[in-house]
Amino acid sequence: MTSQTTIDTTGSGGDAPAVPSDATSAKGMRGHPWLTLITVAVGVMMVALDGTIVAIANPAIQKDLKASFADVQWITNGYFLALAVSLITAGKLGDRFGHRQTFLIGVVGFAAASGAIGLSDSIALVVTFRVLQGLFGALLMPAALGLLRATFPAEKLNMAIGIWGMVIGASTAGGPILGGVLVEHVNWQSVFFINVPVGVLAVVLGALILLDHRAKNAPRSFDLLGIALLSAAMFCLVWALIKAPEWGWGDGKTWLFIVASVAGFGLFALWETKVREPLIPLGLFRSVPLSAGVVLMVLMAIAFMGGLFFVTFYLQNVHGMTPIDAGLHLLPLTGMMIVGSPLAGAMITKVGPRIPLAGGMALTALAMYGMSTLDTNTGSGVMSLWFACLGLGLAPVMVGATEVIVGNAPMELSGVAGGLQQAAMQIGGSLGTAVLGAVMASKVDSDLAGNWKDAGLPPLSGANEAAASEAVQVGVAPVPPGTPAAIATKITDVTHDTFISGMSAASLVAAGVAAVAVLVAFLTKKGENAGAGAGAAHI
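If you're matching positions, the sequence shown starts at 123 in our numbering and goes up one per residue.
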C-alpha cells in the first residue's frame, strides 16, 4: 500500500491539498531536505547525548546533593524508563498532529527540563525533571524520523538515515568525553545547561526550515486504552530489567513484573484487534522485513549497549584512566560510526539492506569476540582495533534496520514506526545491560572465592563477600582502609583478573547474540513504501 501525503505549508496543522515537489522547491529554505536533516540532527543530538553524558556527572551530583546511590541510579533509570514507555505513543501523536509541531514541542520541553535540572537543589527535583526530559525526548525522536521519511525521496532516504544514525552514534559515544570535560573544568550543572542553547538553535532552525507533513488518512482518534495497556506493559518490562540486577533474576518481584508485562502485551494485542483505529495496527507485523528490522534493532542494542557498559569500567577501573582518557580511547568506535554511517547508507541504496546488515552484524560479532580477549595488559592499539571494528559493524545496522522499519510502514504510520525503532533500541539496551550484567555477576560469584584463596588472602564470608563481589563486578578493588601495600596489591590483582573473566564471558554472550542477528538480517529487504514521501527537490 502506498499512502498519499498531505503537506501543511502553513505549519498550522490543518489539512491541505498535496503540494507537488516543484512547489516545495519554490519555498527556498522551507522544506529543503538537507536543511531539514541538519535541523532534526541538532534536536536528536541532545537526546542521544543525554543518554551517556550524565553518567560522568553522577558522582558529582551525588556528592553535591548528598544523595544515596539508589537516588543517583534513578537519574539514569527515570530518563530511560520515561523514554522507552512513551516512544510509540509519541510517534502516534506526530502522525496525528504533524511531525513538525511534535518535534518543536519536544525540543522546547527537553531544553526547558534540562535548564530546570541545572537549577535544581535536591535529588528529587533532578529525578523529576529527568523523567520530563525522557517524555519530551520521546516526542522528538520519532518526529525526526517522520520528517526525514516525508522529506527525502526513496533514492536519498538511506543516505539521510545514515547521517541521522551517525549523529546518534557519535553523540552517544561522545557523551562521556564531553561530560568529563564539563564536570572537571566547569561543574555538573553545565552538563544540563549545555542543552539550552542547543535547544534554542533547534527551535529557530525548525521554525524557519521544517515543513509539516502528514498522511491524508492518518487516524483522527486516539486509542486511549491501547496507550494505557502498552505503556503499562512497557513500564513493567523495563522496570523488571532495571531492577533485576538488584533484586536478582530468581526473585519473585522480578518475575512478577515480567509476567505482568507479558500479560499487558497480550491484552494490548487482543484490544488492538477490536478497536476501530488502533494505536499500532497489528497488520504492520505481517511485514516480515519490518518485524525482522525490529528484532534486529533489539539484538544489535543488546550486543552494543550491553557490551559497551563494561568497557567503560574496564578502561577507568582496570586501566586507571580518567573519564576524559576513557572517552578518548573510545574515539575509534565513534569515528568509525561517523565515517561508516553515510557510507552504509549509500551502500544500502545500491545493493539493498540484507548484505550490509548481515555483514555489519558479523563484524559486530567479531568485535565482541575480540573484546572478550582484552586483559589487564592489553595496549591501546589492540583496544582501538576492536573498538574500530565494532563501530564499523554497527554503522550499517543503525542505518539499515531503521530504514527497514520505517520504510516498510505506511506513510500514515511513519511516526509509530519511528517509535517502534527507538523503543526496540531502548528495550534492547536495557535487556543487554541486565542480561550481560547477570552473566558478569554469575561469573564473578563463581570465580572470586577461588581466586581470592589462590592469592593467599584471608577468606571472605557473609556480608564482606557480597560487598566484595559487588565492587569487583565494576572493577573496583575492595581494599579496606589501612591495608598493607603488599596485601592491597594482591586484592587489586584478584579484582582485575576476576573482572576480566566476567567481562570476557559477557562479551562472548554479546558475540553470540550478534551472530544470531546475522541470520535475522537475511529476512530484511528494502522498504516497500520508501518512495511514498514528498520527494522534495533541492537534492
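Using N, Cα and C, we set each Cβ at its ideal position, and we do this for glycine too.
Source: prediction; values computed, not measured.
Problem set entry | Pairwise C-alpha distance: G256 and N439 | Walking along the sequence shown from the start, residue 439 turns up at place 317. Walking along the sequence shown from the start, residue 256 turns up at place 134. If you take the alpha carbons of N439 and G256, they lie about 29 Å apart.
For this session: Give a yes or no on whether the C-beta atoms belonging to L412 and F274 are separated by under 9 Å.
Result: Working through the sequence shown from its first residue, we reach residue 412 at position 290. Working through the sequence shown from its first residue, we reach residue 274 at position 152. Going by C-beta atoms, L412 is not nearer than 9 Å to F274.
For this session: Measure the CB-CB distance between I446 and W310 and report whether it falls below 9 Å.
Result: Translated into the one-based positions of the sequence shown, residue 446 becomes position 324. Translated into the one-based positions of the sequence shown, residue 310 becomes position 188. No.
Exercise. Could you give the residue range of the alpha helix (DSSP H) that holds G220?
Worked result: The residue given as residue 220 occupies position 98 in the sequence shown. Counting along the chain, G220 falls outside any alpha helix (DSSP H), and DSSP gives it neither H nor E.
Problem set entry | Three-state secondary structure assigned by DSSP to D172 | Here residue 172 corresponds to residue number 50 of the sequence shown, with the count starting at 1. D172: helix per DSSP, three-state reduction.
For this session: Classify D345 as helix, strand or coil using the three-state DSSP reduction.
Result: On the sequence shown, position 223 is the one that residue 345 refers to. Three-state DSSP puts D345 in coil, outside helix and strand.
Problem set entry | CA-to-CA distance, F251 to V638, given in whole angstroms | Walking along the sequence shown from the start, residue 638 turns up at place 516. Walking along the sequence shown from the start, residue 251 turns up at place 129. Near 38 Å, if we compare the C-alpha coordinates of F251 and V638.
For this session: Answer with buried or exposed for A517, where buried requires no fewer than 16 other C-beta atoms within 10 angstroms of its C-beta.
Result: Within the sequence shown, the letter at position 395 stands for residue 517. When all chains shown are included, A517 counts as buried.
Exercise. Would you say G449 touches the ligand GTP, meaning its beta carbon is less than 8 Å from a heavy atom?
Worked result: Because no ligand of any kind appears in the structure shown, any question about the ligand GTP cannot be addressed here.
Exercise. Alpha carbon to alpha carbon, how far is S147 from H154?
Worked result: By 1-based counting over the sequence shown, the position of residue 147 is 25. By 1-based counting over the sequence shown, the position of residue 154 is 32. A caution first: S147 carries a pLDDT of 41, below 50, which makes its placement in the model unreliable, though a value can still be read off. Distance between the alpha carbons of S147 and H154 is about 8 Å.
Problem set entry | CA-to-CA distance, L542 to A163, given in whole angstroms | Translated into the one-based positions of the sequence shown, residue 163 becomes position 41. Translated into the one-based positions of the sequence shown, residue 542 becomes position 420. If you take the alpha carbons of A163 and L542, they lie about 19 Å apart.
Exercise. Is the Cβ-Cβ distance between N530 and S409 less than 9 Å?
Worked result: Position 408 of the sequence shown, counting from 1, holds the residue named residue 530. Position 287 of the sequence shown, counting from 1, holds the residue named residue 409. It is a contact, given that the beta carbons lie within the stated cut-off.
Exercise. Which runs of the alpha helix (DSSP H) fall wholly inside the stretch 192-277 and span at least 4 residues, in chain order?
Worked result: 221-240, 245-273
Exercise. Thinking C-alpha only, which one of L347, V169, F407, I424 is nearest L389?
Worked result: For the purposes of this step, residue 389 is taken as the residue at position 267 of the sequence shown. Closest option to L389, Cα to Cα, is L347.
Problem set entry | Beta carbon of G321 nearer than 9 Å to that of V230 | Translated into the one-based positions of the sequence shown, residue 321 becomes position 199. Translated into the one-based positions of the sequence shown, residue 230 becomes position 108. A contact, by the Cβ cut-off of 9 Å.
Exercise. If you count every other CB in all the chains shown that lies within 10 Å of the CB of D576, and 16 or more means buried, which is it?
Worked result: Position 454 of the sequence shown holds residue 576. Exposed, because fewer than 16 other Cβ atoms sit within 10 Å of the Cβ of D576.
Exercise. Do M625 and L496 have their C-beta atoms within less than 9 Å of each other?
Worked result: Here residue 625 refers to the residue found at position 503 when the sequence shown is read from its first residue. Here residue 496 refers to the residue found at position 374 when the sequence shown is read from its first residue. Yes. Within cutoff.
Problem set entry | Where the alpha helix (DSSP H) through L516 begins and ends | Along the sequence shown, read from residue 1 onward, the residue named residue 516 stands at position 394. Note, L516: alpha helix (DSSP H), 502-529.
Exercise. If you drop the 5 nearest sequence neighbours on each side, which residues of the same chain put their C-beta closer than 6 Å to that of L254?
Worked result: By one-based count along the sequence shown, residue 254 stands at place 132. Cβ within range, chain order: A235.
Exercise. From this set, M151, G457, T614, L226, which residue's C-alpha is nearest W508's C-alpha?
Worked result: For the purposes of this step, residue 508 is taken as residue 386 along the sequence shown, with counting starting at 1. The option with the nearest alpha carbon to W508 is G457.
Problem set entry | C-alpha gap between A588 and K365, whole angstroms | The residue labelled residue 588 in the question sits at position 466 within the sequence shown. The residue labelled residue 365 in the question sits at position 243 within the sequence shown. Going by the C-alpha atoms only, they are around 18 Å apart.
Exercise. Alpha helix (DSSP H) containing L641: first to last residue?
Worked result: Within the sequence shown, the letter at position 519 stands for residue 641. That run of the alpha helix (DSSP H) goes 607-643.
For this session: Could you check which residue in V561, T498, M505, F644 has the C-alpha nearest to that of G482?
Result: Here residue 482 corresponds to residue number 360 of the sequence shown, with the count starting at 1. Taking only the C-alpha atoms, the option nearest G482 is F644.
For this session: Buried or exposed for P600, please, with buried defined as at least 16 other CB atoms from any protein chain shown within 10 angstroms of its CB.
Result: Translated into the one-based positions of the sequence shown, residue 600 becomes position 478. When all chains shown are included, P600 counts as buried.
Exercise. With DSSP run on the structure shown, which of helix, strand or coil describes K648?
Worked result: As a working mapping, residue 648 is identified with position 526 in the sequence shown. Residue state, collapsed to three classes: coil.
For this session: May I ask you to report which of helix, strand or coil DSSP gives N499?
Result: Taking the sequence shown and counting its residues from 1, the one referred to as residue 499 is at position 377. Of the three classes helix, strand and coil, the one that applies to N499 here is coil, per DSSP.
Exercise. What is the C-beta distance between G429 and A628, in whole angstroms, given that I count them as a contact (C-beta under 8 Å)?
Worked result: In the sequence shown, the residue the question calls residue 429 occupies position 307. In the sequence shown, the residue the question calls residue 628 occupies position 506. Contact holds; Cβ gap of about 7 Å.
Exercise. Leaving out five residues before and five after L215 in sequence, what residues of the same chain have Cβ atoms less than 6 Å from its Cβ?
Worked result: On the sequence shown, residue 215 is found 93 positions in, with the first residue counted as 1. Within the same chain, L215 has close Cβ partners T224.
Problem set entry | Under the three-state DSSP convention, the category N309 falls into | In the sequence shown, counting from the first residue as 1, residue 309 sits at position 187. Coil at N309, not helix or strand.
Problem set entry | Outcome for T498 when other beta-carbon atoms lying within 10 angstroms are tallied against a minimum of 16 | For this step, residue 498 is matched to residue 376 along the sequence shown. Exposed, because fewer than 16 other Cβ atoms sit within 10 Å of the Cβ of T498.
Problem set entry | Own chain partners of S502 with C-beta closer than 8 Å, once the 5 adjacent residues on each side are dropped | As a first step, residue 502 is located in the sequence shown; it is residue number 380 there, counting from the start. Result list for S502: H451, in chain order.
Problem set entry | Nearest-angstrom Cα separation, counted from A590 out to G584 | Position 462 of the sequence shown, counting from 1, holds the residue named residue 584. Position 468 of the sequence shown, counting from 1, holds the residue named residue 590. Going by the C-alpha atoms only, they are around 10 Å apart.
For this session: Indicate the three-state DSSP secondary structure (helix, strand or coil) for I380 in the structure shown.
Result: As a first step, residue 380 must be located in the sequence shown, where it is residue number 258. I380: helix per DSSP, three-state reduction.
Exercise. Does S463 get closer than 9 Å to chain D when you measure Cβ to Cβ?
Worked result: Checking the listed chains, one finds no chain D in this structure; it contains a single protein chain.
Exercise. Where V313 and H307 are concerned, what is the direct C-alpha to C-alpha distance, given to the nearest angstrom?
Worked result: Taking the sequence shown and counting its residues from 1, the one referred to as residue 313 is at position 191. Taking the sequence shown and counting its residues from 1, the one referred to as residue 307 is at position 185. So the alpha carbons of these two residues sit roughly 11 Å apart.
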